[in-house]
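Q: Residue numbers (my numbering), protein chains in the order written: chain H, 1 to 370; chain D, 371 to 740; chain S, 741 to 1110; chain V, 1111 to 1480. Glycine included, every Cβ here is placed at the ideal spot set by N, Cα and C. Have a look at this one.
4 protein chains.
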Amino acid sequence: MKKIGVGLIGTGYMGKCHAMAWTGVRPAFGDVPDIHLVHLGEASQELAARKAAEFGFAKASGDWRDVIADPEVDVVSITTPNRFHAEMAVAAFEAGKHVWCEKPMAPKLAEAEAMLAAARASGKVAILGYNYIQNPAIRHIRKLLDEGAIGAVNNVRIEMDEDFMADPEAPFQQRHEAANGHGAIDDFGVHPLSLISTLFGRASRVMCDMAKPYPTRRTDAGEREVEVFDIATILLRLANGASGMIALSRTAWGRKGRIAMQIFGSKGSILYDQERMNEFQLYLTSDRATEQGFRTVLTAPHHAPYDRFIPAPGHGLGFNELKIIECRQLIGRMRGEATVGIDFEEGILIERTVDAMARSFRESRWVDVA
Amino acid sequence: MKKIGVGLIGTGYMGKCHAMAWTGVRPAFGDVPDIHLVHLGEASQELAARKAAEFGFAKASGDWRDVIADPEVDVVSITTPNRFHAEMAVAAFEAGKHVWCEKPMAPKLAEAEAMLAAARASGKVAILGYNYIQNPAIRHIRKLLDEGAIGAVNNVRIEMDEDFMADPEAPFQQRHEAANGHGAIDDFGVHPLSLISTLFGRASRVMCDMAKPYPTRRTDAGEREVEVFDIATILLRLANGASGMIALSRTAWGRKGRIAMQIFGSKGSILYDQERMNEFQLYLTSDRATEQGFRTVLTAPHHAPYDRFIPAPGHGLGFNELKIIECRQLIGRMRGEATVGIDFEEGILIERTVDAMARSFRESRWVDVA
Amino acid sequence: MKKIGVGLIGTGYMGKCHAMAWTGVRPAFGDVPDIHLVHLGEASQELAARKAAEFGFAKASGDWRDVIADPEVDVVSITTPNRFHAEMAVAAFEAGKHVWCEKPMAPKLAEAEAMLAAARASGKVAILGYNYIQNPAIRHIRKLLDEGAIGAVNNVRIEMDEDFMADPEAPFQQRHEAANGHGAIDDFGVHPLSLISTLFGRASRVMCDMAKPYPTRRTDAGEREVEVFDIATILLRLANGASGMIALSRTAWGRKGRIAMQIFGSKGSILYDQERMNEFQLYLTSDRATEQGFRTVLTAPHHAPYDRFIPAPGHGLGFNELKIIECRQLIGRMRGEATVGIDFEEGILIERTVDAMARSFRESRWVDVA
Amino acid sequence: MKKIGVGLIGTGYMGKCHAMAWTGVRPAFGDVPDIHLVHLGEASQELAARKAAEFGFAKASGDWRDVIADPEVDVVSITTPNRFHAEMAVAAFEAGKHVWCEKPMAPKLAEAEAMLAAARASGKVAILGYNYIQNPAIRHIRKLLDEGAIGAVNNVRIEMDEDFMADPEAPFQQRHEAANGHGAIDDFGVHPLSLISTLFGRASRVMCDMAKPYPTRRTDAGEREVEVFDIATILLRLANGASGMIALSRTAWGRKGRIAMQIFGSKGSILYDQERMNEFQLYLTSDRATEQGFRTVLTAPHHAPYDRFIPAPGHGLGFNELKIIECRQLIGRMRGEATVGIDFEEGILIERTVDAMARSFRESRWVDVA
């Protein structure tokens, strides 16, 4: 593979993040082919052209099908709103492209299953945008767990909180419609599930509670009912029997990008918080008793692939650089390497878990994850 | 009331804490009667005499009934293992004494109900040892909630974690027998419930999961089954409809006295952690947007009754001083003042909530709190 | 020694703290004689009587000489403003009493030297109120340093900051007069010096800068010049050659009781902050490289004498309990035990260091400590 | 300006950082010309060619003069060891190129002055690599200071600590030779000085102490004397009269990229630590007294130019992205915009301050900054 032709659909939050990842992956890693920013698709030709100029793409189109049809495009980044993922991804696979699709797969499980079927049929690389798992801190936590540093894990808690839905005075948005999903469990819940998947394997059973802090929101035509749930709390069991809990809120004032994880084992504990993503905490019972304590470990070059970005410890990666790492993993897959990353096979388990959560809440009972 | 005659039954962890509280309450508060340390009861005369000398009690007895029968005793501190609380408290009320009983009330709900009945019949003061609620930080949080500083609360999470059961190699203890309770939900769960009771009123519904990280433990006669649950996670709804979660673990390596509370409202948030009991964190949306953040507020003389202990801010109270504050509240009740504190009327609601949790776990469903 | 008769002069911040210490030392430690609160002295008979009632002293006097003359008094707590220390302490020694005097010794070095001479002549116990060094955390840090846990110390930084002088609108006080000392270097500086003395031995050379953030303050008669310095920063060398720095401010908004210490050695580092006095941080190069980090160690029963107060780890001592520990050390000295504490022999070195700082600033040069 | 031709000399730590900045600036900011990576220079043709391939440069040369002579090159990034800066920068200006030179300017003040003279003579843009000042957090702190949020600043403390020289067993390196500078004061000291320059203006007087924790280090030919000082502590006065302190250590075990700043004013305080570069702390006396505390503010889109990287708050920029911001500022200057950044005119004041520090230490006295 001498060069990679990139198509990008969508230029919002994640679209720009993908653009920066495709641009930054080569100088950071050095071991990747030439990256050609071939074709950018947006909702209108005008917007597409403007963004192509900004991001450095050669071609621009107001029709996403042009991007997928472009023979120079090898891989398509899909960063549009979730409800478009399925159609676009299926079309991309059918056109013989690799797909890098933002999470979650789709608002409805059936759509996600169709995406997986198309990916399988194509034989192409199909990677989801679960960038948090690419953090050198998270990767090192995985290594510590694998080597048994904290013994057998018996309890896991993950919280994901932000506050962009916290203002009760903010107006009704499209995201408050049920057509866009359940609310916190798919918008946020998939991130903790990606961490669980990466670190512990799958959840086997879930018991979910959901809440609407603000049941109605204002529109120009008066108050309208909010159809999704901004808060969810989930009891769960991991496949290995350990107990767990996920707490989610999009109305948690003061939380901006918190994904706080607590992992308790028979020989120690690990803590992590995405708001301070360049550190993790480790407690080991093998330390002398009178000096046992949570160590705040700053990530450093010895926590791969931090070294690809900075040769000095504790200087700090950023959120966007996680996407660059993810991009490098994607490229590795395209070359047949075994890399870290959540593909559609693994991603469908996350979608099924979300589906089980929704069912659990509707039926007010524990539900096994299919 | 010119003086108070004190009886103390039990001299372990909490027994000594009561002794220090009874000794320290007068110099700290200045406004209380003479405290006479009258009679100390322990399991043997020898132990009772030794502890009486240490703590400064005038009389000592190997029979707790002597303490209760002592006419010089006005109030009895009951700090023995939980399974003795009911018998002792009932006897004390029947002898016309005020009772200061450590939490929880009793291993079985029926016993707790009997304690309440005896308290009611006696008309005496009946206070439980929920010292965490006496922290000036917690009291100030209550004041902030009452004045609406963070608006309407929509989500509450409380975690209580320690690690004294975390070592899988530690032997079987009496506390692992079902006769002593359920495990985390009564040993620990009552503390978060005391905070909920103080800050928000009661929980209305609970859904509880419990887990045994180490199902058996060694005895001299081989492995024995552990009958209690060191881990519990509870979904709950408050009476006002807000959603909540309690997570409990006695096997959380590295946690020593953590009671971490997160309170999210429509106009801000409050955080608290008992391991750093002299501070709390407050986020207010009324701060200018570009400088909003969690404020770490150190307790100070303007957070009553911190001023009774130290005239300078940020110098720090200790765990034992919370018991001194509790003692002052008890004395206030004995004088007919309305004071902060969980009496048997309020305490029985906590016991009923624990009972509902246990039932919820057994029956694997949401249970309304009686 | 069957009992100890206590005299107390002064009932302000530290006076009450001593009263609580004398009251609390027996139930906490158990191994001390009966403590008799004999005689309390204050500026007026009325105030003395009121405080004696509050604190539980048997006698009260408006003349401190009555306290010192009282034959039932074995030891005198001197907690009056600094300018009275010398006269009172000398008189107490001359009356054959042990002395527990609050820090610093006196505003002028000559007075402090006189206090030391009187102490030596009397042969009585002469202890200064440097309570921060009694913290189990600090004691454990000393043990770690002594055992070489962090190797050879090469750099020490101590900051002590509060904000009670930070308001530029606050009026002129007596403390702003030069007669009461230099400002930050004696009011605050002695605390960092007590830590240096306890942990590393003496400072050999100092280079001091001082500053007046608010050169004048209002009085009823107009603006008046502030004669003391609220800010001081000191370069220093320890006797072992290591470099150090002390930074002091009484005008540091937001700091309430901060004494932050950083100790860097050849094999690790130690951090401590008095505002979170129940923890310290330790970095060890002997930890595996990829998991090195500052451990936050919560104090616990294995950090003596924490165990005398609470049998559970991480539950937290308070500022007042440090004074109880100090009181126990004093009693130990009275019984001929070798205990931790800064006596007048060690205290005079602190006073001489302060004096050297003042000289250094006046003469704008490095000054050797006598 | 339709496009910018970039030359890069040096491909180490900072060389790669510049390469990533030149690559990333366009997709992040969108408003910059095409960036052409024209010519890369390294010590050998082989290394240059390899790095050019990695970073995406079109041409490569083993002679840096080729880069400077290249007519397609508009601006030269100089990222070689400090001792080469002067010769390269002067040559670049003489060739009519803009210069982006890493800090510090040069080991000797005379060289730095020559660089400034050449910059002035050329009229070209001359920017230094002080990336920490580009952090949205630092920029916002500057804004807060400018608007008087914390009143008049009276005390500033800045610490910069890492531990890459902390191992006493590590061998002698070229950096331990005096020819490469003084040690901490130029290697590290310039960063705190860049913050002082950006936030407060210049330092007027300095009093510096320096220390060598490990006076000799091993070589293959035995122990060799270390000629530089890894530790330095500096008292200083700002031009406005405020007192300050800088503490520097390259032997501070556990510190990885700490630049901790404390700013105390008459109405509040600000804290910052580079190891947690996505947050700062703010204390305001205008908050209600009972809820005053340090707010931990996470940077967010409203802290420009965070918004150019991530539309969501609290998600975190990385160290490398500060260099991207710096690059954007450089491009702005090339277009005649007034942008944030330390040019040679401002940079020479930093070099003179370092020179004054060195003199102060040699002569053991306060030195005015020229």
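Roughly how many angstroms lie between the CA atoms of H/ILE133 and S/THR991, to the nearest whole one?
A: For the purposes of this step, residue 133 of chain H is identified with residue 133 of the first sequence, where counting begins at 1. For the purposes of this step, residue 991 of chain S is identified with residue 251 of the third sequence, where counting begins at 1. Those two C-alpha atoms are separated by around 45 Å.
Q: Which residue from S/LYS996, S/GLY745, S/ASP1083, S/LEU1070 puts its Cα closest to that of S/PRO811?
A: As a first step, residue 811 of chain S is located in the third sequence; it is residue number 71 there, counting from the start. Considering only alpha carbons, the answer is S/GLY745.
Q: Runs of 4 residues minimum, wholly inside the stretch 1203-1233 of chain V: which ones carry the alpha helix (DSSP H) assignment?
A: DSSP runs (the alpha helix (DSSP H)) wholly in the stretch 1203-1233 of chain V: 1219-1232.
Q: Would a C-beta distance cut-off of 9 Å place V/ILE1441 and V/VAL1142 closer than the cut-off?
A: In the fourth sequence, residue 1441 of chain V corresponds to position 331, counting from 1. In the fourth sequence, residue 1142 of chain V corresponds to position 32, counting from 1. It is a contact, given that the beta carbons lie within the stated cut-off.
Q: Between D/THR450 and the ligand MN, is the CB less than 8 Å from at least one heavy atom?
A: As presented, the structure is devoid of all ligands, the ligand MN included, so that no description of it is given.
Q: So D/HIS685 contacts chain S; which residues on that side make the cut at Cβ distance below 9 Å?
A: Numbered from its first residue, the second sequence carries residue 685 of chain D at position 315. Near D/HIS685 (Cβ distances below 9 Å), the residues of chain S are LYS996, GLY997, GLN1014, GLU1015, MET1017, GLY1058, PHE1059, ASN1060.
Q: Can you tell me whether DSSP reads S/MET1001 as helix, strand or coil?
A: If you number the third sequence from 1, residue 1001 of chain S lands on position 261. It is a strand residue.
Q: Taking just the CA atoms, how far does D/ASP556 sit from V/ARG1386?
A: As a first step, residue 1386 of chain V is located in the fourth sequence; it is residue number 276 there, counting from the start. As a first step, residue 556 of chain D is located in the second sequence; it is residue number 186 there, counting from the start. Each residue's alpha carbon lies about 39 Å from the other.
Q: Any idea which residues DSSP pairs V/GLN1391 with across the strands?
A: In the fourth sequence, counting from the first residue as 1, residue 1391 of chain V sits at position 281. In DSSP, V/GLN1391 forms a bridge with V/LEU1381, V/THR1406.
Q: For S/LEU978 and S/SER989, what's the separation of their Cα atoms in angstroms?
A: Your numbering for residue 978 of chain S matches position 238 in the third sequence. Your numbering for residue 989 of chain S matches position 249 in the third sequence. Their backbone Cα atoms lie some 22 Å apart in a straight line.
Q: Can you find at least 3 beta carbon pairs, one from the stretch 826-840 of chain S and one from the stretch 862-871 of chain S, that sit closer than 8 Å?
A: Yes, since at least three Cβ pairs between the stretch 826-840 of chain S and the stretch 862-871 of chain S fall closer than 8 Å, the two stretches touch.
Q: Taking only beta-carbon positions, decide if S/VAL1001 is within less than 9 Å of chain D.
A: Indexing the third sequence from 1 puts residue 1001 of chain S at position 261. Before going on, a small fix: residue 1001 of chain S reads as Met here, not Val. Cβ-Cβ to chain D under 9 Å: no for S/MET1001.
Q: Count the other CB atoms within 10 Å of the CB of S/ASN894; is the residue buried (16 or more) or exposed (fewer)?
A: On the third sequence, position 154 is the one that residue 894 of chain S refers to. S/ASN894 is buried by the Cβ-count criterion.
Q: Using the three-state DSSP reduction, which class does V/SER1396 fall into: helix, strand or coil?
A: Numbered from 1 along the fourth sequence, position 286 holds the residue referred to as residue 1396 of chain V. V/SER1396: coil per DSSP, three-state reduction.
Q: Between the stretch 760-768 of chain S and the stretch 1081-1099 of chain S, do three or more beta carbon pairs fall short of 8 Å?
A: Too few Cβ pairs lie closer than 8 Å, so no.
Q: Select from the stretch 419-432 of chain D all residues with a C-beta closer than 7 Å to any C-beta belonging to chain S, and list them in chain order.
A: Per Cβ criterion, the list reads GLU424, PHE425, GLY426.
Q: Classify S/GLY984: buried if its beta carbon has 16 or more other beta carbons within 10 angstroms, exposed otherwise.
A: Sequence index remark: in the third sequence, residue 984 of chain S carries index 244 (1-based). It is buried - the Cβ of S/GLY984 has at least 16 other Cβ atoms within 10 Å.
Q: So H/GLY265 contacts chain S; which residues on that side make the cut at Cβ distance below 9 Å?
A: Working through the first sequence from its first residue, we reach residue 265 of chain H at position 265. Neighbours of H/GLY265 on chain S: none; closest Cβ ~14 Å, over 9 Å.
Q: Grab the span of the beta strand (DSSP E) containing V/ASN1245 for me, first residue to last.
A: Translated into positions along the fourth sequence, residue 1245 of chain V becomes position 135. Unbroken run through V/ASN1245: none, as it is neither H nor E.
Q: Take D/TYR584 as the anchor and find which of D/SER636, D/VAL576, D/HIS673, D/PHE599 has the nearest alpha-carbon.
A: As a position in the second sequence, residue 584 of chain D is number 214, starting the count at 1. Residue D/PHE599 is the option with its Cα nearest to D/TYR584.
Q: Touch check for the stretch 624-634 of chain D and the stretch 1054-1068 of chain S: three-plus C-beta pairs under 8 Å?
A: Touching, yes, given that three or more Cβ pairs across the two stretches are closer than 8 Å.
Q: Taking the alpha carbon of S/HIS1042 as the reference point, which residue from S/ARG1035, S/PRO1051, S/THR1036 has its own alpha carbon closest?
A: Counted from its first residue, the third sequence places residue 1042 of chain S at position 302. Among S/ARG1035, S/PRO1051, S/THR1036, the Cα nearest to that of S/HIS1042 belongs to S/PRO1051.
Q: Might you give, ordered along the chain, the residues of its own chain that have their beta carbon closer than 8 Å to the beta carbon of S/ARG1115, omitting 5 neighbours on each side?
A: No answer is possible for residue 1115 of chain S: the residues shown for chain S start at 741 and end at 1110.
Q: Can a CB atom of chain H be found closer than 9 Å to the CB of D/GLN504?
A: Within the second sequence, numbered from 1, the residue matching residue 504 of chain D stands at position 134. No, because no Cβ of chain H sits closer than 9 Å to the Cβ of D/GLN504.
Q: Using a Cβ cut-off of 9 Å (strictly closer), state whether S/VAL772 contacts chain H.
A: Here residue 772 of chain S refers to the residue found at position 32 of the third sequence. No, its Cβ sits nowhere closer than 9 Å to a Cβ of chain H.
Q: I need the straight-line Cα distance from D/ALA389 to D/ARG735, nearest angstrom please.
A: Start at 1 with the first residue of the second sequence, and residue 389 of chain D comes out as number 19. Start at 1 with the first residue of the second sequence, and residue 735 of chain D comes out as number 365. For D/ALA389 and D/ARG735, the distance between alpha carbons rounds to 43 Å.
Q: Whose C-alpha, out of S/MET900, S/PHE940, S/ASP960, is nearest the C-alpha of S/GLY888?
A: In the third sequence, the residue the question calls residue 888 of chain S occupies position 148. S/GLY888 has its Cα closest to that of S/PHE940, out of S/MET900, S/PHE940, S/ASP960.
Q: Does any C-beta atom of chain S lie closer than 9 Å to the C-beta of D/ARG527?
A: As a position in the second sequence, residue 527 of chain D is number 157, starting the count at 1. For D/ARG527, the answer is no, since every Cβ of chain S falls outside 9 Å of its Cβ.
Q: Taking only three categories from DSSP, how would you classify S/GLU794?
A: Within the third sequence, numbered from 1, the residue matching residue 794 of chain S stands at position 54. Here S/GLU794 sits in helix by DSSP.
Q: What's the call for D/SER639, buried or exposed, on a 16-neighbour Cβ count within 10 Å?
A: The count along the second sequence starts at 1 and reaches residue 639 of chain D at position 269. The residue is buried, with at least 16 neighbouring Cβ atoms inside 10 Å.
Q: Between the alpha carbons of H/VAL457 and H/LEU37, how many angstroms are there, rounded?
A: Beyond the ends of chain H as shown, which are 1 and 370, falls residue 457 of chain H; an answer cannot be given.
Q: For V/ALA1331, which of V/ALA1288, V/MET1317, V/PHE1282, V/CYS1318 has the nearest alpha-carbon?
A: Within the fourth sequence, residue 1331 of chain V is the residue found at index 221, counting from 1. It is V/PHE1282 whose Cα lies nearest to the Cα of V/ALA1331.
Q: Keeping to the same chain, check which residues put their C-beta closer than 7 Å to that of S/PHE1049; ignore five residues upstream and five downstream.
A: Here residue 1049 of chain S is taken as the residue at index 309 of the third sequence, counted from 1. Within the same chain, S/PHE1049 has close Cβ partners ALA768, LEU1057, GLU1061.
Q: By the DSSP assignment, the alpha helix (DSSP H) with H/ASP343 in it spans what residues?
A: Locating residue 343 of chain H in the first sequence gives position 343, counting from the first residue. Segment: none, H/ASP343 is in no alpha helix (DSSP H) and carries neither H nor E.
Q: Near H/LEU298, what residues of its chain come up, given a Cβ to Cβ distance below 7 Å and the 5 sequence neighbours on each side ignored?
A: Counting from 1 along the first sequence, the entry for residue 298 of chain H is found at position 298. Here the set comprises ASN278, GLU279, PRO313, GLY314.
Q: Check the Cβ of H/THR285 against every Cβ in chain D and list those closer than 7 Å, keeping chain order.
A: Your numbering for residue 285 of chain H matches position 285 in the first sequence. Simply TRP623.
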